[in-house]
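A.B. asks: Below is one structure. I have some questions about it.
Residue numbers (this note's numbering), protein chains in the order written: chain A, 1 to 272; chain B, 1 to 272.
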C-alpha cells in the first residue's frame, strides 16, 4: 500500500517551515501542502477563543486540499486547538508538535526536571505539562513564557546583545530550578538554539519539537503504510500557501526553511 | 452649533488608548467610540495590502456607529491607509496621527534634522518624511524602524536591561546623524519615553504623536463648531470595542489609558 497525496502542514506563519524542513530531510520523496496564516500571525498572545477560531479556519482549508495526514506545526495552535482540529479531520491521521517534543524530553531527563519555554498561549494551557504527565514517570515540569523570542527571530536578531539580554531575562529562573532538559516549545526558538545554549550552558539539553514531530510523522506514515512511492523531489512538488506576502519574506523563509521555496501562493482564509 | 455624537477612534489594538486618554484630558465632556482590532494586532509587520484591508474593515465598522469625527490613532494604519479611509468617510472630518506629530516636530527642530522611529510598515511608507516635507522648510528626516519596541511594551518590560539594550540597538545610529527632535511614530513608544530619553540624552526632544493628535482634533471640532455641549463625564459615557479579549487585558489597558475602562464590548470584524 502507498499514498502519494501530500502531507498537510498547518502553521500560524513561517515557523512551521522548520517542521517542513525536517520532513524533507527524513522523507525527500514526500510532498507537502503548507499553510501559514502570516496575515494574522503571531497567534501566541491571543485569547484561546481567537486562536481556536483562526486555527480551525486554516485547518479546514488544508483538509479540503485532499491530504493524507495533517501536522499541526505550531505549538500555540497545538496547545489550544488540537482537540477541536482532530474532531474536524475525522479519520485523517493528525499530530501536533507538543506530544513528540514531550516524549523526547521524558526519555532524556535524568534529574526528572524538564523546562519548557513557549508563547503566552502555549504556556497558559499547560499543554506540555499535561503531555509529559500523560507519558508517565515522576517528572516535574517548569513552564516559562518567553514571548519576545518570536519578534527577535522575526527581526533576524539571532545573535545580538538584545537577544542575549532577553535570553537571560527568561532563562535564568529556569536554571535555578535545576532542569536538565529544556523543550523549545515554539518553532521560532530553534533559530535561537545557540544563544539559548550559550545562556543555559551545555549541561542542559535543548529539545527542538520540529525534529521529533517529523520523526513521529514518519513513524505514523510507515505504520499506516501510506508513505509515498514516488521517486520525485518532494520539495519541488510541494505547495506553500500563505495569507500575506510580508516584508522580507524571502529572508524569513530561508531562515526557517534553510532554502527558498520553489513557489508561494496567497490565499484568503475566513474572509479575514 | 454643537454635536453631542461621539468621536470615533480607530486602532489596531490598545496603543490608540494613549490618544483617547489625551482626548479626555483636553475635552472631558466629549465621548468616544474606540475600536481596537487586537485579534489581528500588531499590524506593523504586515504587507500594505493586508493593513489596508484590515484598516478599512475597521474604519467602516466605526463609521457605521454615527460618529462626528474619525481619528485614526494608529501610526501604521495612518501611514498605509489614511487616503483610502478618507475616501470612505466622505464628508466626515477625519485625521491621522502622522501629520500632527510631523507639524510639532517641524516647529521644534533647530538643527533641521528630525528622527522618526516606528513600525516596519510605517517607516517603509516614508509617511513622516512626506508629511514633514509637505509642511515645508529645508529639513532632513531620518527614519528608523524599531519593531521590538511594540512587544517590549506589550510585555510590560518598560524599564529592563533587555529594553535598554533594544533602545541602544535602534537609537545610537540616529544619534550619530545629529537629529535634535525625535518623533515617536508608534503609539506604543510613548510608554518607553523614559528609556528612550535615557538612551538618547536630554539634548534630543521626544515628540509623542498622541498628544498632538488630540490637540488637532480639538482644533478641528472647535473650528467646525461641533464640540459637545453635554456636561457629562465623556469617559464614562464612551464605548470601547475590541476584537479579542486578550490575556492581561486590564494591565495593558491601564498601561495605555492610565485607568480601567468602564466597560468593554467584543465585536467581530470582517468575519475574521
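Glycine is no exception: its CB is placed at the ideal position from the N, C-alpha and C atoms.
Find the residues of chain A that neighbour residue 154 of chain B, judging by a C-beta separation of less than 9 Å, and give them in chain order.
C.D. replies: Translated into the one-based positions of the second chain, residue 154 of chain B becomes position 154. In chain order: 45 and 147.
A.B. asks: With a Cβ-Cβ cutoff of 8 Å, do residue 132 of chain B and residue 106 of chain B count as a contact?
C.D. replies: Here residue 132 of chain B corresponds to residue number 132 of the second chain, with the count starting at 1. Here residue 106 of chain B corresponds to residue number 106 of the second chain, with the count starting at 1. In contact: residue 132 of chain B and residue 106 of chain B (Cβ atoms closer than 8 Å).
A.B. asks: If we count the other Cβ atoms within 10 Å of its Cβ and call it buried at 16 or more, is residue 116 of chain B buried or exposed?
C.D. replies: Along the second chain, read from residue 1 onward, the residue named residue 116 of chain B stands at position 116. It is buried - the Cβ of residue 116 of chain B has at least 16 other Cβ atoms within 10 Å.
A.B. asks: Taking Cβ-Cβ distances shorter than 7 Å, what residues in chain A pair up with residue 246 of chain B?
C.D. replies: Numbered from 1 along the second chain, position 246 holds the residue referred to as residue 246 of chain B. Those within 7 Å of residue 246 of chain B in chain A are 45, 46 and 47.
A.B. asks: Give me the Cα-Cα distance between residue 238 of chain A and residue 10 of chain A, rounded to the nearest whole angstrom.
C.D. replies: Mapped onto the first chain, residue 238 of chain A falls at position 238. Mapped onto the first chain, residue 10 of chain A falls at position 10. In a straight line, the C-alpha of residue 238 of chain A is about 14 Å away from that of residue 10 of chain A.
A.B. asks: Going along chain B, which residues have a C-beta under 7 Å from residue 165 of chain A?
C.D. replies: Taking the first chain and counting its residues from 1, the one referred to as residue 165 of chain A is at position 165. Simply 161, 162 and 165.
A.B. asks: Quick one: is residue 268 of chain B buried, meaning 16 or more other Cβ sit within 10 Å of its Cβ, or exposed?
C.D. replies: Locating residue 268 of chain B in the second chain gives position 268, where the first residue counts as 1. Flag for residue 268 of chain B reads exposed.
A.B. asks: State yes or no: is the beta carbon of residue 144 of chain B nearer than 8 Å to at least one beta carbon in chain A?
C.D. replies: Start at 1 with the first residue of the second chain, and residue 144 of chain B comes out as number 144. It does not; no Cβ of chain A falls within 8 Å.
A.B. asks: By Cβ distance below 6 Å, which residues in the same chain neighbour residue 118 of chain A in space, the five residues on each side in sequence not counted?
C.D. replies: To locate residue 118 of chain A, count along the first chain from 1; it is residue 118. Result list for residue 118 of chain A: 75, 185 and 186, in chain order.
A.B. asks: Taking residue 14 of chain B and residue 252 of chain B to be in contact with their CB atoms under 8 Å, please state how far apart those CB atoms are, rounded to whole angstroms.
C.D. replies: By one-based count along the second chain, residue 14 of chain B stands at place 14. By one-based count along the second chain, residue 252 of chain B stands at place 252. Contact holds; Cβ gap of about 5 Å.
A.B. asks: Which ranges does the beta strand (DSSP E) cover as unbroken runs of at least 3 residues, wholly within the region 58-129 of chain B, from first to last along the chain?
C.D. replies: Qualifying beta strand (DSSP E) stretches, in chain order: 69-72 and 113-118.
A.B. asks: So what's residue 261 of chain B in DSSP terms, helix, strand or just coil?
C.D. replies: Locating residue 261 of chain B in the second chain gives position 261, counting from the first residue. Residue state, collapsed to three classes: coil.
A.B. asks: Spell out the partners DSSP gives residue 240 of chain A in its beta bridges.
C.D. replies: In the first chain, the residue the question calls residue 240 of chain A occupies position 240. Answer by DSSP bridge pairing, in chain order: A/34.
A.B. asks: Select from A/233, A/114, A/229 and A/50 the residue whose C-alpha is nearest the C-alpha of residue 179 of chain A.
C.D. replies: Translated into positions along the first chain, residue 179 of chain A becomes position 179. Residue A/114 is the option with its Cα nearest to residue 179 of chain A.
A.B. asks: With 9 Å as the C-beta to C-beta threshold (strictly closer), list the residues of the region 16-40 of chain B near chain A in chain order.
C.D. replies: Listed in sequence order: 38, 39 and 40.
A.B. asks: So that I know if they touch, is there some Cβ in chain A lying closer than 8 Å to that of residue 61 of chain B?
C.D. replies: On the second chain, position 61 is the one that residue 61 of chain B refers to. No - not a single Cβ of chain A is within 8 Å of the one on residue 61 of chain B.
A.B. asks: Go ahead and pull the three-state DSSP assignment for residue 148 of chain A.
C.D. replies: As a first step, residue 148 of chain A is located in the first chain; it is residue number 148 there, counting from the start. Reduced to three states, the DSSP call for residue 148 of chain A is coil.
A.B. asks: Taking residue 34 of chain B as the reference, give the member of B/162, B/240, B/270 and B/160 with the closest Cα.
C.D. replies: The residue you call residue 34 of chain B lines up with position 34 of the second chain. Closest option to residue 34 of chain B, Cα to Cα, is B/240.
A.B. asks: Does the CB of residue 151 of chain A have a neighbour CB from chain B at under 8 Å?
C.D. replies: Here the question's residue 151 of chain A lines up with position 151 in the first chain. So, interface residue.
A.B. asks: With a cut-off of 8 Å, does the C-beta of residue 169 of chain A fall near any C-beta of chain B?
C.D. replies: One-based indexing of the first chain puts residue 169 of chain A at position 169. Output row for residue 169 of chain A: interface = yes.
A.B. asks: Rounded to whole angstroms, what's the CA-CA distance from residue 233 of chain A to residue 12 of chain A? Just pull it up for me.
C.D. replies: Locating residue 233 of chain A in the first chain gives position 233, where the first residue counts as 1. Locating residue 12 of chain A in the first chain gives position 12, where the first residue counts as 1. So the two alpha carbons sit approximately 26 Å from each other.
A.B. asks: If the cut-off is 8 Å on Cβ atoms, which residues from the region 110-128 of chain B count as contacting chain D, listed in chain order?
C.D. replies: In the displayed structure, chain D is absent; the protein chains listed are A and B.
A.B. asks: Do three or more CB pairs link the region 35-55 of chain A to the region 74-89 of chain A at distances below 8 Å?
C.D. replies: Counting Cβ pairs under 8 Å, three or more are found: they touch.
A.B. asks: Do you know offhand how far residue 140 of chain A's Cα is from residue 177 of chain A's?
C.D. replies: Position 140 of the first chain, counting from 1, holds the residue named residue 140 of chain A. Position 177 of the first chain, counting from 1, holds the residue named residue 177 of chain A. The alpha-carbon atoms of residue 140 of chain A and residue 177 of chain A are separated by roughly 10 Å.
A.B. asks: Answer with buried or exposed for residue 260 of chain A, where buried requires no fewer than 16 other C-beta atoms within 10 angstroms of its C-beta.
C.D. replies: Along the first chain, one-based indexing puts residue 260 of chain A at 260. Classification for residue 260 of chain A: exposed.
A.B. asks: Grab the span of the beta strand (DSSP E) containing residue 9 of chain A for me, first residue to last.
C.D. replies: Looking up residue 9 of chain A in the first chain gives position 9. Counting along the chain, the beta strand (DSSP E) containing residue 9 of chain A begins and ends at 7-11.
A.B. asks: Is residue 229 of chain A buried or exposed, if buried means 16 or more other CB atoms sit within 10 Å of its CB?
C.D. replies: Here residue 229 of chain A corresponds to residue number 229 of the first chain, with the count starting at 1. Classification of residue 229 of chain A: exposed, given that the 10 Å Cβ count is below 16.
A.B. asks: Which of helix, strand or coil does DSSP assign to residue 185 of chain B?
C.D. replies: Here residue 185 of chain B refers to the residue found at position 185 of the second chain. Looking at residue 185 of chain B - three-state DSSP - the assignment turns out to be strand.
A.B. asks: Using a C-beta to C-beta distance shorter than 7 Å, which residues of chain B count as neighbours of residue 50 of chain A?
C.D. replies: Taking the first residue of the first chain as position 1, residue 50 of chain A is located at position 50. Under the 7 Å cutoff, chain B gives 39 and 244.
A.B. asks: In angstroms, rounded to a whole number, what distance separates the CA positions of residue 51 of chain A and residue 43 of chain A?
C.D. replies: The sequence position of residue 51 of chain A within the first chain is 51, counting from 1. The sequence position of residue 43 of chain A within the first chain is 43, counting from 1. Roughly 6 Å separates the two Cα atoms.
A.B. asks: Would residue 72 of chain A and residue 82 of chain A qualify as a contact pair, given that the criterion is a beta-carbon distance under 8 Å?
C.D. replies: Taking the first residue of the first chain as position 1, residue 72 of chain A is located at position 72. Taking the first residue of the first chain as position 1, residue 82 of chain A is located at position 82. Yes, they are a contact pair.
A.B. asks: Which of the three DSSP states, helix, strand or coil, is assigned to residue 141 of chain A?
C.D. replies: The sequence position of residue 141 of chain A within the first chain is 141, counting from 1. Reduced to three states, the DSSP call for residue 141 of chain A is strand.
A.B. asks: Let's test the definition: count the other Cβ atoms within 10 Å of the Cβ of residue 100 of chain B and tell me whether it reaches 16, buried, or not, exposed.
C.D. replies: By one-based count along the second chain, residue 100 of chain B stands at place 100. The residue in question, residue 100 of chain B, is buried, as its Cβ has 16 or more Cβ neighbours within 10 Å.
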